[in-house]
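Below is one structure; the comments refer to it alone.
2 protein chains.
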Amino acid sequence: MAEYVRVAVDAMGGDNAPSEIVKGAVDAATANEQVRILLLGDEKAVQTELSKYTYPKDRVEIIPTTEVIEMAEPPVNAIRTKKDSSIVRGMKMVHEGEADAFVTAGSTGATLVGGQIIVGRIKGIERPPLAPLMPTAKGPVLLIDCGANVDARASQLVQFAQMGSIYMENVIGIRNPRVALFNIGAEEEKGNALVKETYPLLKELDDINFVGNIEARDIPAGAADVVVCDAFTGNAILKMYEGVASTLLGEIKKALMSSLAGKIGGLLIKPSLKSVLKKFSVSSYGGAPLLGLRGLVVKTHGNSKAVEIQHSIEQCVTFQKAGINDQFKDRMHLVDRTVKKEESAS
Amino acid sequence: MAEYVRVAVDAMGGDNAPSEIVKGAVDAATANEQVRILLLGDEKAVQTELSKYTYPKDRVEIIPTTEVIEMAEPPVNAIRTKKDSSIVRGMKMVHEGEADAFVTAGSTGATLVGGQIIVGRIKGIERPPLAPLMPTAKGPVLLIDCGANVDARASQLVQFAQMGSIYMENVIGIRNPRVALFNIGAEEEKGNALVKETYPLLKELDDINFVGNIEARDIPAGAADVVVCDAFTGNAILKMYEGVASTLLGEIKKALMSSLAGKIGGLLIKPSLKSVLKKFSVSSYGGAPLLGLRGLVVKTHGNSKAVEIQHSIEQCVTFQKAGINDQFKDRMHLVDRTVKKEESAS
Chain B
1 MAEYVRVAVD AMGGDNAPSE IVKGAVDAAT ANEQVRILLL GDEKAVQTEL SKYTYPKDRV
61 EIIPTTEVIE MAEPPVNAIR TKKDSSIVRG MKMVHEGEAD AFVTAGSTGA TLVGGQIIVG
121 RIKGIERPPL APLMPTAKGP VLLIDCGANV DARASQLVQF AQMGSIYMEN VIGIRNPRVA
181 LFNIGAEEEK GNALVKETYP LLKELDDINF VGNIEARDIP AGAADVVVCD AFTGNAILKM
241 YEGVASTLLG EIKKALMSSL AGKIGGLLIK PSLKSVLKKF SVSSYGGAPL LGLRGLVVKT
301 HGNSKAVEIQ HSIEQCVTFQ KAGINDQFKD RMHLVDRTVK KEESAS
Chain G
1 MAEYVRVAVD AMGGDNAPSE IVKGAVDAAT ANEQVRILLL GDEKAVQTEL SKYTYPKDRV
61 EIIPTTEVIE MAEPPVNAIR TKKDSSIVRG MKMVHEGEAD AFVTAGSTGA TLVGGQIIVG
121 RIKGIERPPL APLMPTAKGP VLLIDCGANV DARASQLVQF AQMGSIYMEN VIGIRNPRVA
181 LFNIGAEEEK GNALVKETYP LLKELDDINF VGNIEARDIP AGAADVVVCD AFTGNAILKM
241 YEGVASTLLG EIKKALMSSL AGKIGGLLIK PSLKSVLKKF SVSSYGGAPL LGLRGLVVKT
301 HGNSKAVEIQ HSIEQCVTFQ KAGINDQFKD RMHLVDRTVK KEESAS
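Heads up: the protein sequence lines correspond to chains B and G, in order. According to this note's numbering, the first sequence is numbered sequentially starting from 1. According to this note's numbering, the second sequence is numbered sequentially starting from 1.
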C-alpha cells in the first residue's frame, strides 16, 4: 500500500465530467503502476463510465459522493455547506492522509478556498499560490501566483519564488530554473511598492537562480522558467495570453476563409499551424498545482479532456515521489510558528 | 495665427530620428492646413532632412536645440540637466503657451517626468495617465493608465475613467464609449483592494457609460472602448499583447518555412495575413496621449515611422479643436485646490 501514490480525483468537476475525467483516470492507472486512484462522484454515473473500460480494478476505487459544487457558486459558502461534494470530500481525504493529492477540473474559487481551509497549509507557508504553466517559444514557464493572493506581501512573493523553483526543478525537470520577478522594467529600481520591496529579498536568496526582473513581452519568448508575481497581475498575464492567442488565430482564420487563395493556402499550412499550436499547448504537463499545502491539489482547466486529467494524475505521482513538500520544509527553512509559540509558552 | 494648432515635434527622439520624424511632420503640414509645426532639434540635421521636401514653409519652423535625451538616461536627472534638449524645450513651449501640444518618439521615462514637472497638470487632476490605444477585433481600445502611476489610488482611477471616456468620444469618435474596470473576474466583489474601492465609485458616475469589470481575455475581443487600470497592470496587459502576438507570429512563420507545403501555403495566405496585421496595427491613430496636462503630450513608439508621427500630429489637432482640456475641466467638475486654499487663506 505504502508504495502507491494515492490520488483522489473529482469525477464531477468541469465541462466534460464524468466521462473524460473517468477516462483520464483509467488511462493514468493503466499507464502507471505506482498510482492508486480514488474517484469521487455520483456512484452510478462513475460506475457507468468505468464499465466502458478494462482497467486495474485493484487500483481504481469509487468514493461515492452526493453533492456537486457548481462553477458559479460563491466558493466560501459552497465549501461550508456542501459537505458531501466531491471537492470537499476529496480535500478532506488529503487532509486526513487518506490521499496524497487531489485533482479537480471544477470551480477554481472552491478549489482555492478548500485548499486553504480543508487541506490546510504546510506550517510556515504564509499563503498557498496557484501556479499554472504557460507555453513559451522555449518550453513552459511557471507563473506563480494566479490564485487568491491579489494583495500579496513581499515575504509571500519570496516563498512563491522558492516553491516555484523547487517545483520546476523536480516536477518539470528544469535544472537550475531561472526565477524572475515580474516587473514593468528590467532595472532594480523600477516597479510598484510590492516589487521594489521584493527585489532585494530575492537577490539575497542563495538557493534560487534569481535572474532579476522580467517584462511581460519577454515571457512568451521564454526568458524565464519561473515568473513571480501577485495573483492580480498573474491573472492579467495569463488571461491576456489566452485572449490574444485566441483572437489573433480567430482573425487569421477568418481572413483565410475570405479568399480562394487563402482557403487553399490555409489547407497547405494546416500541418505547420497544428505543430505550433501543439507546441503552445501545456496540457501535456497536467494542471496548475496549488502549492504549499499539506498534500497537493491540482486544478485542471474546466474544459479538460482525458489527456489533461491523466497527466495531472502523473504530475501528482512525480510530486509525491520527489518529496516536494519535504523539500519545501527543508530548503525553505520554514519556521513552524505554532510549535514556537507552544515552546515559548511552556 | 490663432486659428492654427501649434504642435511642437521632437525631431531627435526615437530610432528613426530625424529622418522619419521630419518626413511625418512635412506630411502632416501638407495634409492639414490648420497645423503649424515647430521642429525641435539639431538645426543642421533637421534642415538637411527638410530640404528633401517641398512643404508649406510658413507652417514648418525649426527650433534649434543642442542636446538630446537618450533612451537609457535616468529620466529625472535628464530632465533636470539637459535644459536645451528637444524634450525639455518642447515641453517648455507647451507650458508657456507657445505650443498647444508636443509629440515625441523619445524616452518614455523623460516624457512622463517632463509632462508632470515641466508642462504641469490641469488644476484638479491628481495624476496624468499615459493612455495607449490597443488593437482589438472590433477597433481600438484605450488602455488608461500605462504610465507612471504604478501605485494608484481609487480617486485617480476614477479620473482616468472620465478622461478616457472624453478622449475616446472626441478624438477617436466612439459614441458613448463603454468604460470598463480591469479586474480578474466579472463580479463586483472580485479583485484587489484598489479595484474593490474603485468599482462603486465608477458605478456612481452618471456621465460615463460604465459597463463593469473586464477580464484580460475579453480585451482583445473588443469588449470595451476604455479599460481603466493602474499603470503596473496596464503595462503587463500592453506588453503581453505585444509579446504574445510577436512570439506567435514568429513561431507560425518558422513552422511554415520548415516544409515545402508550408512555404507555398505561406505565399498564398500572405495577403490575408497582411490584412489581419493591418487591422491589428494602431499606428493610424497616432501615439499614446499623456492626459490631464496643461496642453497635450503625445508619446509615439520608439520605432515610429513618418506615418505614426503624421497621425500623432493630426491627433493633436483634433484634441485641440475639440477643446478636450476644457471638457475635462467642465465635465469632470475639477476642483482647483490651489485657488480654494488661497481663498480660504484670504
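Even for Gly, the Cβ is constructed at its ideal location relative to N, Cα and C. Since we're looking at a predicted model, the values are computed, not measured.
DSSP places residue 125 (chain B) in the coil class of the three-state scheme, outside both helix and strand. DSSP, reduced to helix, strand and coil, places residue 58 (chain B) within a helical segment of the structure shown. With a beta-carbon spacing of about 14 Å, residue 295 (chain B) and residue 9 (chain B) fall beyond the 8 Å limit used to define contacts. About 5 Å separates the beta carbon of residue 91 (chain G) from that of residue 114 (chain G), a gap short enough to meet the 8 Å contact definition. Within the region 34 to 100 of chain B, the beta strand (DSSP E) runs of at least 3 residues that lie entirely inside it are, in chain order, 35 to 41, 60 to 64.
Within the region 237 to 258 of chain B, the residues whose Cβ lies closer than 9 Å to some Cβ of chain G are 237, 238, 239, 240, 241, 242, 243, 244, 245, 246, 247, 248, 249, 250, 251, 252, 254, 255, 256, 257, 258, listed in chain order.
If you look at residue 190 (chain G), you'll find it isn't in any alpha helix (DSSP H); DSSP assigns it neither H nor E. Residue 223 (chain B): not part of any beta strand (DSSP E); DSSP gives it neither H nor E. With a minimum length of 4 residues, the unbroken runs of alpha helix (DSSP H) contained wholly in the region 271 to 335 of chain G fall at 306 to 321, 324 to 331. Neighbourhood of residue 279 (chain G) in chain B, by CB distance below 9 Å: 251, 255, in chain order. CA-CA distance, residue 228 (chain G) to residue 310 (chain G), rounds to 27 Å.
With a minimum length of 3 residues, the unbroken runs of beta strand (DSSP E) contained wholly in the region 135 to 191 of chain B fall at 141 to 144, 178 to 182.
Only residues of its own chain outside the window of five on either side were considered, and among them 146 have a CB closer than 7 Å to the CB of residue 235 (chain B), listed in chain order. Scanning chain G for C-beta atoms nearer than 8 Å to the C-beta of residue 233 (chain B) yields 232, 233, 236, reported in chain order.
Close to residue 269 (chain B), with beta-carbon spacing below 7 Å, are these residues of chain G in chain order: 256, 262, 265, 266, 269.
At a cut-off of 9 Å, the C-beta of residue 193 (chain G) has a neighbouring C-beta in chain B. Rounded to the nearest whole angstrom, the CA to CA distance from residue 298 (chain B) to residue 101 (chain B) is 8 Å. Under the criterion of beta carbons closer than 8 Å, residue 279 (chain B) and residue 251 (chain G) qualify as touching, at roughly 7 Å. Scanning its chain for C-beta atoms nearer than 8 Å, with the 5 sequence neighbours on each side dropped, one finds around residue 266 (chain B) the residues 253, 256, 257, in chain order. The beta-carbon distance between residue 224 (chain G) and residue 208 (chain G), rounded to whole angstroms, is 12 Å. This is too long to meet the 8 Å contact definition. DSSP places residue 27 (chain G) inside the alpha helix (DSSP H), whose first and last residues are 19 to 31.
A residue is called buried once 16 or more other Cβ atoms fall within 10 Å of its Cβ, and residue 320 (chain B) is buried on that count.
The shortest CA-to-CA distance from residue 112 (chain B) to any of B:137, B:71, B:141 is the one to B:71. Interface with chain B (9 Å Cβ-Cβ cutoff): residue 319 (chain G) is excluded.
Within the DSSP bridge table, the entry for residue 209 (chain G) names G:178 as partners.
Residue pairing by DSSP puts residue 10 (chain G) in a beta bridge opposite G:40. Rounded to whole angstroms, residue 7 (chain B) and residue 84 (chain B) show a C-alpha spacing of 18 Å. Listed along the chain, the chain G residues whose CB falls inside 9 Å of the CB of residue 15 (chain B) amount to none; the nearest CB is some 17 Å away. Under the Cβ distance rule, residue 219 (chain G) counts among the residues neighbouring chain B, one pair being separated by less than 9 Å. Out of G:189, G:205, G:17, G:259, the CA that lies nearest to the CA of residue 271 (chain B) is found in G:259. The criterion of a C-beta distance shorter than 9 Å is not satisfied by residue 172 (chain G) and residue 55 (chain G). In the DSSP assignment, residue 214 (chain B) forms a beta bridge with B:182. Per DSSP, the continuous alpha helix (DSSP H) segment holding residue 246 (chain G) begins and ends at 231 to 257.
Taking the CA atoms as reference points, residue 104 (chain G) sits about 21 Å from residue 164 (chain G). Of all alpha-carbon atoms in B:158, B:88, B:244, B:154, the one lying nearest the alpha-carbon of residue 206 (chain B) is that of B:158. With at least 16 other beta carbons inside 10 angstroms of its own, residue 325 (chain B) counts as buried.
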